[in-house]
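Below: the structure, in structure tokens.
Number of protein chains: 2
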Amino acid sequence: MSVLVVGSVAYDTLETPAGRAEKILGGSASYFALAASYFTDVNMVGVVGDDFGPEQMSAFEGRRINLEGLEHAPGKTFHWQGKYSTDLNSRETICTDLNVFEHFKPKLPESYRKSDRLFLGNIEPSLQRDVLEQVDAPQLVGCDTMNLWINHRLEELKKTLAKVEVLLINDSEARELAGDWNVIRAARKIRAMGPKTLIIKKGEHGALLFQEDSCFLASAFPLEHVKDPTGAGDSFAGGLMGYLDQSGSHDEATFRQAVIMGSTVASFCCEDFGVERLLTLKQDEIHERFHEFASMVHFDRLPLK
Amino acid sequence: MSVLVVGSVAYDTLETPAGRAEKILGGSASYFALAASYFTDVNMVGVVGDDFGPEQMSAFEGRRINLEGLEHAPGKTFHWQGKYSTDLNSRETICTDLNVFEHFKPKLPESYRKSDRLFLGNIEPSLQRDVLEQVDAPQLVGCDTMNLWINHRLEELKKTLAKVEVLLINDSEARELAGDWNVIRAARKIRAMGPKTLIIKKGEHGALLFQEDSCFLASAFPLEHVKDPTGAGDSFAGGLMGYLDQSGSHDEATFRQAVIMGSTVASFCCEDFGVERLLTLKQDEIHERFHEFASMVHFDRLPLK
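Shown next as structure tokens:
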């Protein structure tokens, strides 16, 4: 079993109410790969510059992460700088230096073509399809996107959506993509664009899983101390896809567990800056929090009439 | 078993994306009483003016609602006018005419003094205590409040909070009352003010129930068509307190069911303007939606390690 992920590998400079971190490891593929590696083998696809040395690489080493597809290009690594609001519910981008990421054309190593599951991280939609076409016969294809592509590459995005089974998107993006403020109606419209499974992420308010006629309501695991929410969505995706790959099943019950697993891993991610917490996390901690989560949402059914 | 509620009885003029309604029945006590009456006997305390005739009274008749404590005063009934935003997540008050509600001094009929449970709706905090003192030995006292009292009657509010077991409050009010944007920390601070049970309402994002060391995460029932969210919080409170009174238990498991019951009744309330849907609701519909709710949040636990 293996999951392939394509996305950004970056240096992030972050400011949150808990402090500041300078040029730390970030990027959607980094968070996804670290999260998913707790469950399965990950084939990582991305690009870094000359300034990404052995020290940075070491974060991925000694884990179930295949780095053959991580290209080293001449130039600097993608750098993003952001600042969060006091309540962490919004953030402002201070600068985005695409650097080597600007002309990134993902080329998959031969060994990646047999990947069982695929996650097309948030990159330009036609590039997402380029990656998809390089994999032989994936059993499940998930993707992410963002408002930039919804607003400026809608036709390309729709072509990608027609080819994926699972879309992960946040609530404001879902409303924008569907042109409907009601998430239930928005979900129906988005599922008609292709993805049979739609997961709408609502940050601290949880996530909604839509499949056929069913809707699963997932809360978020409540945290008293959030240091840095960067990468929570990508860790969610990594935990979700990793768990699905490990389980080898795509039925509704497994998807529901996978959503809770994604939330669980994402909650750990927020406890420290950047990928720090994902580097020290233990299998037992994940397992224990999953159970705690289950207890926190449990209630007894009423007797049937 | 009986629940006493004190609060406003009003005429509301509402504008939502679904339409407009002119001078329809509203007020916190009205929504609460109608919701709770599906579960138990309700002793209603409030005031109306000369313009509140038999037609308006008929909404409460033929139900488990005792109207002996609904005072008829000379003057006009409280009138509130509001307009909702397109996504229904915010509303603007266009006018508030307190009228007979301005000098309301709740006096309980003799028959109300034996009420088992008490809900102090959103009125001035010292008036809430006046009502509390008129009841002999309530088994459970719940209350609601709002930012007006948090900002302008904080000391009075704290005296009330010291005397109640259950506080229902929305998330922005909880943050304001505690002076902490993190709801988990805010919950701890508010519970230290008195109420052992705290329910933080998050509208379409559900509710959180805090008791001792436990936190219960409740989603909201998702609705595709919301006509009017007015009274959802009061219907939630009515469903919750009504269910607790019917059950006769205050243990954690019953409280969790009561929160889901409150959400269930509140979801019906939003389906039509004002109290309309609460007037036509059937027991079976409530029961069925509670079960649907349970199915929508269910996921299988992982095997224990």
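Protein sequences appear in the order of chains A and B. Just so we're aligned, residue 1205 is where the first sequence starts under my numbering, counting upward by one. Just so we're aligned, residue 1205 is where the second sequence starts under my numbering, counting upward by one. A virtual CB, placed ideally from N, CA and C, is assigned to each residue, including glycine.
Is there at least one Cβ from chain A nearer than 9 Å to residue i's Cβ?
{"i": "T1244 of chain B", "result": "no"}
{"i": "G1394 of chain B", "result": "One point to set straight first is that residue 1394 of chain B is Ile, not Gly, in the sequence displayed. Answer no: the Cβ-Cβ gap between I1394 of chain B and chain A never drops below 9 Å."}
{"i": "K1486 of chain B", "result": "no"}
{"i": "R1295 of chain B", "result": "no"}
{"i": "N1303 of chain B", "result": "no"}
{"i": "L1508 of chain B", "result": "yes"}
{"i": "A1441 of chain B", "result": "no"}
{"i": "K1406 of chain B", "result": "yes"}
{"i": "M1500 of chain B", "result": "yes"}
{"i": "N1463 of chain B", "result": "The sequence as given places Val at residue 1463 of chain B; Asn does not occur at that position. Closer than 9 Å to some Cβ of chain A, the Cβ of V1463 of chain B qualifies, so yes."}
{"i": "R1389 of chain B", "result": "yes"}
{"i": "R1522 of chain B", "result": "Because chain B spans 1205 through 1509 in this model, residue 1522 of chain B falls outside it and cannot be assessed."}
{"i": "H1454 of chain B", "result": "no"}
{"i": "D1476 of chain B", "result": "no"}
{"i": "D1432 of chain B", "result": "no"}
{"i": "D1504 of chain B", "result": "yes"}
{"i": "H1495 of chain B", "result": "yes"}
In terms of residue numbering, what span does the beta strand (DSSP E) encompassing residue i cover?
{"i": "K1227 of chain B", "result": "G1223 to G1230"}
{"i": "A1411 of chain B", "result": "A1411 to Q1415"}
{"i": "I1403 of chain A", "result": "T1401 to K1405"}
{"i": "L1421 of chain B", "result": "S1418 to A1422"}
{"i": "Q1285 of chain B", "result": "H1283 to Y1288"}
{"i": "V1269 of chain B", "result": "The question names Val, but residue 1269 of chain B is Ile in the sequence shown. Looking at the DSSP string, the run of the beta strand (DSSP E) that includes I1269 of chain B is I1269 to H1276."}
{"i": "I1298 of chain A", "result": "R1295 to D1301"}
Rounding to the nearest angstrom, what Cα-Cα distance links residue i and residue j in this structure?
{"i": "V1209 of chain B", "j": "C1473 of chain B", "result": "18 Å"}
{"i": "S1289 of chain A", "j": "P1221 of chain A", "result": "7 Å"}
{"i": "L1485 of chain A", "j": "I1403 of chain A", "result": "25 Å"}
{"i": "D1216 of chain B", "j": "P1258 of chain B", "result": "18 Å"}
{"i": "L1372 of chain B", "j": "M1500 of chain A", "result": "19 Å"}
{"i": "D1291 of chain B", "j": "L1365 of chain A", "result": "26 Å"}
{"i": "C1347 of chain B", "j": "P1329 of chain A", "result": "51 Å"}
{"i": "F1305 of chain B", "j": "H1283 of chain A", "result": "60 Å"}
{"i": "A1263 of chain A", "j": "T1281 of chain A", "result": "16 Å"}
{"i": "M1350 of chain A", "j": "V1207 of chain A", "result": "22 Å"}
{"i": "G1253 of chain A", "j": "P1278 of chain A", "result": "6 Å"}
{"i": "I1327 of chain A", "j": "Q1461 of chain A", "result": "27 Å"}
{"i": "V1213 of chain A", "j": "G1223 of chain A", "result": "22 Å"}
{"i": "I1354 of chain A", "j": "V1387 of chain B", "result": "32 Å"}
{"i": "G1446 of chain B", "j": "E1377 of chain B", "result": "24 Å"}
{"i": "P1433 of chain A", "j": "L1361 of chain A", "result": "26 Å"}
{"i": "H1409 of chain B", "j": "K1287 of chain A", "result": "25 Å"}
{"i": "A1470 of chain B", "j": "A1396 of chain B", "result": "28 Å"}
{"i": "L1483 of chain A", "j": "H1307 of chain A", "result": "29 Å"}
{"i": "L1358 of chain B", "j": "P1399 of chain B", "result": "15 Å"}
{"i": "L1336 of chain B", "j": "K1309 of chain B", "result": "13 Å"}
{"i": "K1393 of chain A", "j": "H1276 of chain B", "result": "51 Å"}
Please report the residue range of the alpha helix (DSSP H) in which residue i lies.
{"i": "V1501 of chain A", "result": "Q1487 to V1501"}
{"i": "K1393 of chain B", "result": "V1387 to R1395"}
{"i": "Y1447 of chain A", "result": "A1436 to S1451"}
{"i": "C1473 of chain B", "result": "E1456 to C1473"}
{"i": "H1307 of chain B", "result": "Note, H1307 of chain B: premise wrong, no alpha helix (DSSP H); not H, not E."}
{"i": "A1378 of chain B", "result": "D1375 to A1382"}
{"i": "S1212 of chain B", "result": "Run containing S1212 of chain B: none; DSSP gives neither H nor E here."}
{"i": "N1247 of chain B", "result": "N1247 of chain B -> not in any alpha helix (DSSP H); beta strand (DSSP E) instead, spanning D1245 to V1252."}
{"i": "L1336 of chain B", "result": "P1329 to E1337"}
{"i": "R1481 of chain A", "result": "E1480 to T1484"}
Can you confirm whether residue i, when its beta carbon is compared against all beta carbons of chain B, has any partner nearer than 9 Å?
{"i": "T1290 of chain A", "result": "yes"}
{"i": "N1386 of chain A", "result": "yes"}
{"i": "R1520 of chain A", "result": "Past the boundaries of the shown model lies residue 1520 of chain A; chain A is included only from 1205 to 1509, so the question cannot be answered."}
{"i": "A1457 of chain A", "result": "yes"}
{"i": "D1449 of chain A", "result": "no"}
{"i": "R1268 of chain A", "result": "no"}
{"i": "D1438 of chain A", "result": "no"}
{"i": "D1348 of chain A", "result": "no"}
Does the beta carbon of residue i sit closer than 9 Å to a beta carbon anywhere in chain C?
{"i": "H1491 of chain B", "result": "Note that chain C does not occur in the displayed structure, where the protein chains are A and B."}
For the region 1354-1376 of chain B, enumerate the residues whose C-beta is nearer than 7 Å to any C-beta of chain A, in chain order. none
Would you call the region 1490-1507 of chain A in contact with the region 1448-1465 of chain A, where contact means no fewer than 3 C-beta pairs closer than 8 Å? yes
Cβ contact (3+ pairs, closer than 8 Å) linking the region 1440-1453 of chain A and the region 1282-1298 of chain A: Fewer than three pairs of CB atoms, one per stretch, sit closer than 8 Å, so the region 1440-1453 of chain A makes no contact with the region 1282-1298 of chain A.
Residues within the region 1409-1430 of chain A neighbouring chain B, beta-carbon criterion of under 9 Å: H1409, G1410, L1412, S1418, C1419, F1420, L1421, A1422, S1423, A1424, F1425, P1426, L1427, E1428, H1429 and V1430
Where the region 1236-1266 of chain A meets chain B: residues whose CB sits under 7 Å from a CB there: Listed by position along the chain: nothing, the set is empty.
Are at least three pairs of beta-carbons, each pair with one atom in the region 1418-1425 of chain B and one in the region 1447-1459 of chain A, less than 8 Å apart? no
Quick check: the region 1338-1347 of chain B against the region 1316-1324 of chain B, are at least 3 beta-carbon pairs closer than 8 Å? yes
Residues of the region 1308-1328 of chain A with Cβ closer than 7 Å to any Cβ of chain B, in chain order: Going along the region 1308-1328 of chain A in chain order, one finds no residue with a Cβ nearer than 7 Å to chain B.
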